[in-house]
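> For the sequence shown, our numbering gives the first residue as 39, with consecutive numbering after it. All residues carry an ideal CB built from backbone N, CA and C; glycine is no exception. Before I ask anything, let me first share the structure, which is written out below as structure tokens.
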Amino acid sequence: MSSSLLYLIFLLLSSPILNANFTGSLLQGFENPSAQYRPKFRYWLPDASVPSGVLRQDIASIASVGGGGLEFLPFYLYGDVVGAATPPTDWNTYGFGTPAFRDLFQVALEAAKDNKLLFDFAVGANQGQGVPSAPGTPGLAMELRYGHDTIMGGEHFNGTIPKAADFWFLSGFMGELEPFGEDKLVAVLAGQIISRDVVNFTIAAGSYSAFPILETVLKESSIIDLTSEVTNGFLGWTPPTDSNYTLIAFYERYTNQRSCIGGVNATDFIGNGSWTVDHFSAAGSKRTTDFLDQHVIYDEVKDLLEEVGEYSWEDSMEQQAALFWTPGFLQRFEAARGYSAIPYLPLFFDVSNQWGQELPAYNETWVYGEYNQDGKSVHLGDYQTTLNEGYQEYLQHFTEWATSIGVKHSCQPAYNLPLNMLADVPVPDIPELESLGFKDDIDLYRQFVGPAQLQQRNIISSEVGAVMSGSYFQTVPALLRLFKTSFAAGVNMMVIHGFSYTGEYPGTTWPGYATFGYLFTEQWDDKQPAWRHLKDSLDYTARCQMVLQTGVPRVDLAFYLFEDPWLAKDAYLSDNLNALGYTYEYLTADNLLSPEAHVESGILAPNGPAYKALIFSNQTQISPDAVEKLQEFALNGLPILFIGGLPTNGIGTDGNLSSISKSLTSLLATYSQVQILSDSSLIPAHLHSLGLNPRASYGNAVSGVYTQWRSDVSTGLEMMFIFNQGPDQLVTFNFDEGINSTPYFLNAWTGNITSLVMYNVTEAYISTTIDLKANQTKIIAFQSSSDRPTHVISTTGDISGFSINEEAGIYVLASGPGIVNLSDGQEMSIDAQPIPSINIGNWSLVMLSYHPSSNVSSTANEISTIDVGTLDILKSWIEIPGLEQVSGIGIYTSSFNFPHSTSEVAAIISFGPILNTIRVWVNDQLLSPVDLADSRADVTQYVGQGLNTIRVEVSSTLFNAVKARVNSTMTAYIPLALTNAPFYEDNDYMPFGLLGPVVVTLMTRIKLPA
């Protein structure tokens, strides 16, 4: 890097921010973060038949663009669980867990070591839900099913008890539950029928009038357990009244759900594929780890894992059952809940216990017993709590096993199943969410992040980038937007979805092996035109992640949230807190019981997020233990706000409601900082009345700005990450922490760290104004210092910005006369006149077109050169004859005359909208990476008086080239035209290219006094 490099923040005239005094040592390694801070790629291995040389090349390619590691996922056609295709190779030989797989697993580890990458691995094929096993092996997944008959009033029943009924609804995209094996009788119940009515089933998505559900109301006092009366499947019984009764028989059985199919005509259990394991006891995770220990992780592999391995990993759970179950569930339930679950088994077959809460497995639902004020059976809550306890044992075994092989365990915990996600997030070492399932929604992310940050899970990762649309459609700016919303919520490790094996594979054409039938983004690899520029964006990402992993998070507020099972819906719907600068996240009852949840001097979790208040916004359920913890919090001064009223329900049958109400009412009467507010609109004013201000508030109205604060007590460094999800806007920040500090600007695109020179200091805060473009991020830091340097406090007139030269100092950039006021009282008059801008035209364009080779059955990528010639005006490629269906790299060249001395005139170039990626050379010198959300760059040091040359490279996705070949593109013999043709046919060719205008803005450059 040139020692005379200029560092510039070029902002609007009315509110420049200045940076000075290059301070690269402020955050060691920020310029070039190490692998631990760098984003990873999920790497999709088709199967173990692929050449080891290509695998090594792929892993080296990840390192070449600044990736920090890979998540090694044996894809196996997504497990082919819906029977979309016959395996293209012999999975008896090349399946998960075979010697061939074990050898490639070692190759991947060796390649990661050679390229200094970190290595994560799925604990099973496809998503890690299961491993090869003989059907019926203990530790495989189980379910509870039922069948029932009606006994008419006055009749005697004498016969075979009902058999388990077939399912009415199970989700179609997951593996089916294969109908073999024993149904083991668990219980037989009878109950008096009060009523039976057909109702339209309703979920959050709307009313399913096409799917009528039979709602049967039973008389709770009539429920009788007849299990002991059954002999060899026969029962003789007469109802005690003349009313109609239902007779229900419950059976447990293995789900027989494959997580990955096997080879054709398999001859052993490994070749027969993988079966989903029990996720509600340690027996299931032990089934997985025993297989890995015996068939994959032998001594050489274990040694490599200790060197470069980082995480064992499991994806979000995609499994189904009539009712999720585990051996010994009834005994576990009675021991933990204090009563038998048997009389309440029908209640458990509720839609809330199905994957994604879509529709119930049987088209009948049962109603009886006690319900809370939300309309949920208290016994259903107890089932879900008991199931969750078993799930935590499942996770705990994985964390212990991972430690034994020198890694940590990561997973996407709980969501989609009837589990308490917020309680489960802190159990794995590295909790992971996903941008797809969390809808790229900051409020949903906060629900996940809160428990992790409270319980000191410093790394929170995301499977990021999956969008259900089509492969080769996602742009780099679109991917970065997903990163930024994640960062804004505190997620700090991006695992990019994904990188596919790039070599030849049976039945696969260019652009290569594609996952998920071309339905999801994205296939990132070196066949993507943007790959040659991608390091700029991944370096940016690494720097952001380094900041967000340094120290501990600081969050203004905690919201209490109880959702069991968790649903992906926003919990706090108002923007009134975010608009004032407050940060917040969510905690649940179990989180409040953790050792980290303690209060000192009115601050909750002072060694972590340091919440200033705890807010219950229309929450109705809380456990007695959590109420007791609230009493402890209030005693130590924590402000607690209840919006809309006090919680009125326990969790399940846990807790006497009158006791909970009495305890909460006592809190209100005893502690003045515990209050009820009628609605959420009153929260900001109440917080202000308590003196609880945001760590960073706004001095003007803002829209869609989010911040994350990190504090490193050991070094005295405070940092704030800023993301603008709103429109272009000027934002004045008032920082109430860092009064005795010097502020800095950390440029995540270039790696430069410079002092923030233009700001004001009051007794209450440091204030500065920042120009934020839409989708732009900025990072501000504060370093403890007793000797704050002289800085600019204000400007008037036509002062446009400031730049710094490491050797020469700080320069004012002016487009006209103005005044600069310094903190030491100096006033500097700037005598400048407007200088005409330079519009660069006469662009020559050469296209590098990415396309398949002449061998249509090959995945090979070819690049052809198209000399387009000189353009009259800049326009997108789809407007240029012959380029409408082209994907690739556009190389634009031109020249311009610069008639000034750079000692007196600064040059700022702007490029117009950046549609994918960009790199720029001026006089054959590569510029520092350009912020894709703000296409301006300081080129003062690159230009010279007279004629200057400029070269601009921009890239496209592969969408246009693939769209033009929809009918000839396939992967593993599965045609794109079969799986996702409408997306490619209905969407227009995408516009790419340099659109401009490309303008060099000139400003007078005057040095500030030292």
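Compare the beta carbon distance of Y551 and Y539 with 8 Å and say whether it is the shorter of the two.
Against a cut-off of 8 Å, the Cβ pair of Y539 and Y551 comes out as a contact.
> Using 8 Å as the cut-off, can you tell me whether the segment 619-633 makes contact with the segment 731-747, which would need three or more C-beta pairs spanning the two stretches below that distance?
Touching, yes.
> How would you write the range of the alpha helix (DSSP H) that V13 sits in, first residue to last?
What the structure shows of the chain is the stretch from 39 to 1048, and residue 13 is not part of that stretch, so it cannot be assessed.
> Please report how far the alpha carbon of S281 lies from the alpha carbon of Q230, in whole angstroms.
Taking the straight line from one Cα to the other gives about 7 Å.
> Please report the straight-line C-alpha distance between P54 and I653, rounded to a whole angstrom.
For P54, the predicted structure reports a pLDDT of 42, less than 50, and the residue's modelled location is therefore unreliable. A value from the coordinates is still provided. The straight-line gap from Cα to Cα measures roughly 38 Å.
> Compare the C-alpha of E756 against each of N785, T780 and D692 and name the closest.
It is T780.
> Tell me, which residues are paired with D623 by DSSP?
What sits at residue 623 in the sequence shown is Glu, not Asp. Its beta-bridge partners are A596.
> Three Cβ pairs or more, each shorter than 8 Å: is that satisfied between the segment 937-950 and the segment 888-896?
Too few Cβ pairs lie closer than 8 Å, so no.
> Are the Cβ atoms of T1039 and I988 separated by less than 8 Å?
No. Outside cutoff.
> Could I get the ranges of all uninterrupted beta strand (DSSP E) runs contained in the segment 529-617, with 3 residues as the minimum, in chain order?
Counting whole runs of 3 or more residues, the segment 529-617 contains the beta strand (DSSP E) stretches 531-538, 590-592 and 595-598.
> Is the separation between the beta-carbon of I286 and that of H186 shorter than 8 Å?
Yes. Within cutoff.
> Would you call the CB atoms of Q713 and L676 closer than 8 Å?
No, Cβ-Cβ distance for Q713 and L676 is not below 8 Å.
> Rounded to a whole number of angstroms, what is the C-alpha to C-alpha distance between S824 and N859?
Near 22 Å, if we compare the C-alpha coordinates of N859 and S824.
> Just checking my contact of F600 with I660 at CB under 8 Å: how many whole Å lie between their CB atoms?
So it is a contact: roughly 7 Å between Cβ atoms.
> Across which residues does DSSP place N196 in a beta bridge pair?
Its beta-bridge partners are G274.
> Between which residues of its own chain and Y349 is the CB-CB distance below 7 Å, once the five residues before and five after are set aside?
Cβ neighbours of Y349 beyond the five flanking positions: D158, V445, K446, H447, S448 and I468.
> What do you get for K667, buried or exposed, if any count of 16 or more other CB atoms within 10 angstroms of its CB means buried?
Burial call: buried.
> Taking the beta strand (DSSP E) that G347 belongs to, which residues open and close that run?
G347 to E352 is the extent of the beta strand (DSSP E) around G347.
> For F371, which three-state DSSP category applies?
Three-state result, F371: helix.
> Here's the rule: buried if 16 or more other CB atoms are within 10 angstroms of the residue's CB, otherwise exposed. What is N506?
Here residue 506 is Met; the residue named in the question, Asn, does not match the sequence. So M506 counts as exposed.
> For the alpha helix (DSSP H) containing W129, list its first residue and its last residue.
Counting along the chain, the alpha helix (DSSP H) containing W129 begins and ends at W129 to Y132.
> Could you please give the first and the last residue of the uninterrupted beta strand (DSSP E) stretch that includes R80?
Start and end: K78 to L83.
> Using 8 Å as the threshold, is the segment 528-547 in touch with the segment 85-96, meaning 3 or more CB pairs across them?
The segment 528-547 is in contact with the segment 85-96.
> Kindly identify the DSSP beta-bridge partner or partners of A1019.
According to DSSP, which records beta bridges pairwise, A1019 is partnered with nothing at all.
> Just curious, the beta strand (DSSP E) that A651 is in, first and last residue?
Taken as a continuous stretch (DSSP letters only), the beta strand (DSSP E) holding A651 covers A651 to S655.
> On a CA-only basis, which of K340, T254, F486 and L1016 is nearest K607? Give me that one, please.
Of K340, T254, F486 and L1016, the residue nearest in Cα terms is F486.
> Leaving out the 5 sequence neighbours to the left and right, which residues in its chain are closer than 6 Å to N458 when beta-carbon positions are compared?
Same-chain partners within the cutoff: N426 and D602.
> Per the contact definition of three or more C-beta pairs closer than 8 Å, is the segment 212-220 in contact with the segment 188-202?
Cβ pair count under 8 Å is below three, so no.
> If distances are taken between C-alpha atoms only, which option among W548, E501, Q512 and T136 comes closest to F1082?
Nothing can be reported for residue 1082, as the shown portion of the chain is limited to 39 through 1048.
> Distance check for P464 and A490, CA to CA, integer angstroms please.
Near 5 Å, if we compare the C-alpha coordinates of P464 and A490.
> Alpha carbon to alpha carbon, what distance is there between I308 and G300?
Roughly 8 Å separates the two Cα atoms.
> Looking only at its chain, what residues have a beta carbon closer than 7 Å to the beta carbon of A1019, apart from the 5 residues adjacent to it on each side?
V1004.
> Can you tell me which of the three DSSP states G394 falls into?
Correct three-state label for G394: helix.
> For N310, which of helix, strand or coil comes out of DSSP?
It is coil, neither helix nor strand.
> Determine whether the beta carbon atoms of I857 and G839 lie at a separation below 8 Å.
No, these two residues do not count as a Cβ contact at 8 Å.
> To the nearest angstrom, how far is it from the Cα of T897 to the Cα of P365?
Distance between the alpha carbons of T897 and P365 is about 48 Å.
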